[in-house]
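S.K.: Before anything else, here's the structure in question.
Protein chains in written order, with my numbering: chain Z, 924 to 1322; chain X, 924 to 1322.
Spelled out as structure tokens, the structure:
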């Protein structure tokens, strides 16, 4: 018998059973039909990408420093960029605590590798960022959702679930998926409780700069730096296509995260790091980010106005985020967002059902009523038409 | 008591104990003293980086396709680049089998996540690429070195150790660290044995294009595509600083690798992928890669000539690689490469001791005699001086 006729024996690791296509991603495929107004994506508005600044920076980096920019480089990251990151944070951070990552998604992967054993308890908000659930899953944690309100985790439930947890993962600013933020008072109380419980916090802050009226309160990491690991991103203030983020780690944790980084991809692209550092040199962000804020604020306002106008009497509830990219809504009793989606797409509008963002609650009827609406990808005219179409679908479904 | 006075409880995952600073990296720090001629690094020659082509490609990508290049993108990779990869391989590959990775190092991380459980047996060459040992380590395999000769793994020892192994990892072309390659006959016999044993092969081929006299025989993946997972890199034919590599997976494995990729960093930078695709469009590589081959060949020849000239009578043995970047040498009996290194650096020349490249043999006296010499970073004049200095150190140590 020809040995090639035998099937090969690829044995999958146990963790592979927890790696499954993102429900969101499958949903997004449906929503990508031409003509559909999408509130479903998590994409920043490409009109905010500083294409010209990148073109100038790219030309300059290659001209002045081409061979170095294209060579292998240190796993820690490009020194000038690490310094810019440290200097831009609102608490004292040594550049040696900064690790440049291949997007902040990689920060989540490294955190899980260094801190999570199979069966380790990890606490998350309810609901939480789906990409974090996916990044943690390969390390086979027991992920527990902490009961959360309009500000994030509730401290009584956190206390009840903290025993033995490796860390609490949260996004205090304009959270994905809900758009909610934690107040100063909640942050202060949470930081104190975490310190008392000796519960480490992994603080993810991709959206913090995208505030509309006032800057959010200081991060938890600023209050309790030795107890927090901070993740940041350039994806929302510059552009996601460079795949650049960073983490700030307590000095005791940094070496293991660095080893994990080195094993994962040696280093993030040095060319991209130099471009980002070049673009951000001087006061670029002080001029650029306010424009993103103003744009996203106008789009949020358009969506809120459209919701007020179109959803009157339909029983849809929604929040009013103070920044970021997302608004969170709840359908009337008896409706299920996942079931509603195909009808919405049929009517020319798409959203993301909320249930996949719940760590352990996708069977929860409350979760099944929720949905996420991005207000930053569609134009104001599209927002008006899309919300009207969604209202018609809900009206029909409840009628 | 102020709760912040309590130390925080960061509990490390068990795997973190296997993440340790690379011995090589620590060694390289010593060798980075100014004035030291280094044969230690694994860096391609920056004179081969097509800086002007990248500058033109970058300008064009940003001008013609800026917002898309800077936006989030598909985890699979940029379609045109996947097509170029598939078309450039010497066996029939569907672009849907190609996953663009953040350097081929990330391919190793994804492979380990999807195929390795704690305690899983993984087979490697003796010695093997240190970065692979580091990428596999977090998944806590039992790594076994297969006895190897001047062509790579020996089939009798492979048969003896294959039981239950998740895969055999190898670099058939101009291997790192040894520079050795597998003959046509060994490849044919190995592919047949692997098929008979139903042993999957992870074939890593970063150096295959860097041949000097004739192209190496076809990859194992070409002979046995369903039983092989193939890893490739743009780091040696374009530049490492873009962090772009790829893997080619059997269709049955692809979805899990894609999930692992998505969880790890969402996708590799779309801007970089477009730049690479733009640079490689047309016949660029057909013109560019022969220049790299000619340069590296002249440097290899210079190192071989210097070794013949300077090492006469010293008992140093070395091989004659047909391509790639490295040459492998063995010190006379009684010498230890790690012990010799500080004296060499003192004398102005650096190399990498071979022992860290042995999966389970760093205590092996044979391993301790070995060292790796890169011939591509230093100029011909530096090669002459560096080899002379190394000969003086060996002469003194044996005298």
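Don't be surprised by glycine CBs; every beta carbon is placed ideally from N, CA and C.
If you draw a straight line from the alpha carbon of residue 1291 of chain Z to that of residue 1233 of chain Z, how long is it in whole angstroms?
M.R.: Answer to the nearest angstrom: the Cα atoms are 22 Å apart.
S.K.: Inspect the CB distances between the region 1145-1161 of chain X and the region 1112-1127 of chain X and report whether three or more fall short of 8 Å.
M.R.: yes
S.K.: So that I know if they touch, is there some Cβ in chain X lying closer than 8 Å to that of residue 1248 of chain Z?
M.R.: no
S.K.: Using a C-beta to C-beta distance shorter than 9 Å, which residues of chain X count as neighbours of residue 994 of chain Z?
M.R.: 966, 967, 969, 972, 1162, 1163, 1164
S.K.: Using 8 Å as the cut-off, can you tell me whether the region 1090-1105 of chain X makes contact with the region 976-985 of chain X, which would need three or more C-beta pairs spanning the two stretches below that distance?
M.R.: Touching, no.
S.K.: Are the C-beta of residue 1002 of chain Z and some C-beta of chain X separated by less than 8 Å?
M.R.: Chain X places no beta carbon closer than 8 Å to that of residue 1002 of chain Z, leaving this residue out of the contacts.
S.K.: Take the Cβ of residue 1073 of chain X as the centre, count every other Cβ of all protein chains shown within 10 Å, and call the residue buried at 16 or more, exposed below.
M.R.: exposed
S.K.: What are the boundary residues of the alpha helix (DSSP H) that includes residue 1264 of chain Z?
M.R.: Here the alpha helix (DSSP H) through residue 1264 of chain Z covers 1260-1269.
S.K.: Sort X/1218, X/1117, X/1095, X/1202 by Cα distance to residue 1071 of chain X and report the nearest one.
M.R.: X/1095
S.K.: Closest to residue 1016 of chain Z by C-alpha separation, out of Z/1322, Z/970, Z/1023, Z/1006, would be which residue?
M.R.: Z/1006
S.K.: Secondary structure at residue 940 of chain Z, three-state DSSP: helix, strand or coil?
M.R.: helix
S.K.: For chain Z, check one thing: does any of its Cβ atoms lie closer than 8 Å to the Cβ of residue 985 of chain X?
M.R.: yes
S.K.: What are the boundary residues of the alpha helix (DSSP H) that includes residue 1257 of chain Z?
M.R.: It is not in any alpha helix (DSSP H) - residue 1257 of chain Z carries neither H nor E in the DSSP assignment.
S.K.: Name the chain X residues that come within less than 9 Å of residue 1038 of chain Z, Cβ to Cβ?
M.R.: 933, 934, 935, 936, 939
S.K.: Between residue 942 of chain Z and chain X, is any beta-carbon pair separated by less than 8 Å?
M.R.: yes
S.K.: Output, in sequence order along the chain, the residues in the region 1132-1145 of chain Z whose CB is closer than 9 Å to any CB in chain X.
M.R.: none
S.K.: Can you name the start and end residues of the alpha helix (DSSP H) that residue 1088 of chain X belongs to?
M.R.: Per DSSP, residue 1088 of chain X belongs to no alpha helix (DSSP H); it is in the beta strand (DSSP E), 1088-1093.
S.K.: Could you pull the start and end residues of the alpha helix (DSSP H) that residue 1161 of chain X belongs to?
M.R.: Residue 1161 of chain X -> no alpha helix (DSSP H), and no H or E assigned at all.
S.K.: May I ask you to report which of helix, strand or coil DSSP gives residue 1044 of chain Z?
M.R.: strand
S.K.: For residue 1065 of chain X, which beta-bridge partners are listed by DSSP?
M.R.: X/1044
S.K.: Tell me, please, which residues DSSP counts as bridged to residue 1240 of chain Z.
M.R.: Z/1253
S.K.: Beta carbon of residue 1188 of chain Z, beta carbon of residue 1026 of chain X: below 8 Å?
M.R.: yes
S.K.: Assuming residue 1226 of chain X contacts residue 1061 of chain X (C-beta within less than 8 Å), just tell me the rounded distance between them.
M.R.: With a Cβ gap of about 35 Å, residue 1226 of chain X and residue 1061 of chain X do not count as contacting.
S.K.: Take residue 961 of chain X as the anchor and find which of X/1271, X/1256, X/1116, X/1031 has the nearest alpha-carbon.
M.R.: X/1271
S.K.: By the criterion of Cβ-Cβ separation under 7 Å, what are the contact partners of residue 1081 of chain X in chain Z?
M.R.: Within chain Z, no residue comes near residue 1081 of chain X; the closest Cβ sits about 14 Å away, beyond 7 Å.
S.K.: What's the C-alpha gap between residue 1057 of chain X and residue 1231 of chain Z?
M.R.: Taking the straight line joining both Cα atoms gives about 56 Å.
S.K.: For the beta strand (DSSP E) containing residue 1297 of chain Z, list its first residue and its last residue.
M.R.: Looking at the DSSP string, the run of the beta strand (DSSP E) that includes residue 1297 of chain Z is 1293-1297.
S.K.: Alpha carbon to alpha carbon, what distance is there between residue 944 of chain Z and residue 1171 of chain X?
M.R.: 19 Å
S.K.: In three-state DSSP terms, what is residue 1126 of chain Z?
M.R.: strand
S.K.: Near residue 1084 of chain Z, what residues of its chain come up, given a Cβ to Cβ distance below 7 Å and the 5 sequence neighbours on each side ignored?
M.R.: The answer, listed in chain order, is 1046, 1067, 1069.
S.K.: Which residues of the region 1184-1195 of chain Z have a Cβ closer than 9 Å to any Cβ of chain X? Give them in chain order.
M.R.: 1185, 1186, 1187, 1188, 1189, 1190, 1191, 1192, 1193, 1194, 1195
S.K.: In chain X, which residues lie less than 7 Å from residue 1025 of chain Z when you measure between Cβ atoms?
M.R.: Residues of chain X with a Cβ closer than 7 Å to the Cβ of residue 1025 of chain Z are, in chain order, 1025, 1188.
S.K.: Give a yes or no on contact between the region 1028-1036 of chain X and the region 1249-1262 of chain X, applying the rule of three or more CB pairs nearer than 8 Å.
M.R.: no
S.K.: Beta-carbon within less than 8 Å of residue 1307 of chain Z's beta-carbon, same chain only, minus the 5 sequence neighbours each way: which residues are those?
M.R.: 1225, 1229
S.K.: For chain X, check one thing: does any of its Cβ atoms lie closer than 8 Å to the Cβ of residue 1157 of chain Z?
M.R.: Answer no: the Cβ-Cβ gap between residue 1157 of chain Z and chain X never drops below 8 Å.
S.K.: Quick check: what's the CA-CA separation for residue 1038 of chain Z versus residue 934 of chain X?
M.R.: If you take the alpha carbons of residue 1038 of chain Z and residue 934 of chain X, they lie about 6 Å apart.
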